[in-house]
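Take a look at the structure set out below.
In our numbering, the protein residues as written are 12 to 219.
Here you go:
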């Protein structure tokens, strides 16, 4: 139902889980792209990775559908088109502080030692004092906080734990797809819930 269909199916849930794990976006025409006597369903979607963005679509076009399949308008597949914006050749990258690897104790001692050597009796020049504090913090950060390279499409919150949980989720999906047993369904539900919970926690840790 999240892509515009009237039903939620196991395959639809697996597709949504796949998009969460792989970090891609899912776009839907929001209407049936296959029609039949019982109403039809949405079976045409666009999965977009990286810098590509959907300019228009997916759009179901019934204009010339009667010439493309037998049985129109009772049963058949409606043509669908999607326009994408191509990714740029070079993805901008930048250096950012890796706060999770920072050495905070020497960082704070560095700031204290630096401020102890500075004349702080300049109350009539608050702008200068602010600049002094900012330069002090920057110097300590450059010394004691490692940096990492990220780009617009990086997932800086991603870690080894999420990689392991993602593999376990895929394995649980494969087991349930092969054998629809209660045990496999319970394990899939547990694996999906644990992955989503951990994913949200890691995102929050990175933001804060």
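Quick reminder that beta carbons are idealized off the backbone N, C-alpha and C, glycines included.
Just so you know, these numbers come straight off a predicted model, no measurement behind them.
Pairs of beta-carbons, one from the region 138-147 and one from the region 183-201, closer than 8 Å: are there three or more? Touching, no.
Pull up the distance between the alpha-carbon of residue 19 and that of residue 109, whole angstroms please. Going by the C-alpha atoms only, they are around 40 Å apart.
So what's residue 87 in DSSP terms, helix, strand or just coil? Three-state DSSP puts residue 87 in a strand.
Would you say residue 118 faces chain C, with C-beta separation under 9 Å as the test? Here chain C cannot be found, since the structure has a single protein chain.
Considering only residues of the same chain and omitting the five flanking positions on each side of residue 118, which have a CB-CB separation below 8 Å? In the same chain as residue 118, and ignoring 5 residues on each side of it, the C-beta atoms closer than 8 Å to its own belong to 151, 152, 154, 155, 156, in chain order.
For residue 158: DSSP bridge partner residues: Residue 158 is bridged to 108.
Considering only C-alpha positions, which residue in the set 136, 170, 126, 137 is nearest to residue 149? Measuring from the Cα of residue 149, the nearest candidate turns out to be 126.
On the premise that residue 107 lies in contact with residue 158, defined as a C-beta separation below 8 Å, what is that separation, rounded to the nearest angstrom? Indeed, because the Cβ distance is near 6 Å, the residues count as touching under 8 Å.
For residue 171, count neighbouring C-beta atoms within 10 Å of its own C-beta (all shown protein chains included) and say buried if the count is 16 or more, exposed if not. Taking all protein chains shown into account, residue 171 has fewer than 16 neighbouring C-beta atoms within 10 Å of its C-beta and is therefore exposed.
When DSSP labels each residue in this structure, what does residue 58 get in the three-state scheme? In the structure shown, residue 58 sits in a strand (DSSP, three-state: E or B).
Identify, in the order they occur along the chain, each residue of the same chain with its Cβ nearer than 6 Å to the Cβ of residue 215, setting aside the five sequence neighbours on each side. Nothing listed; no residue qualifies.
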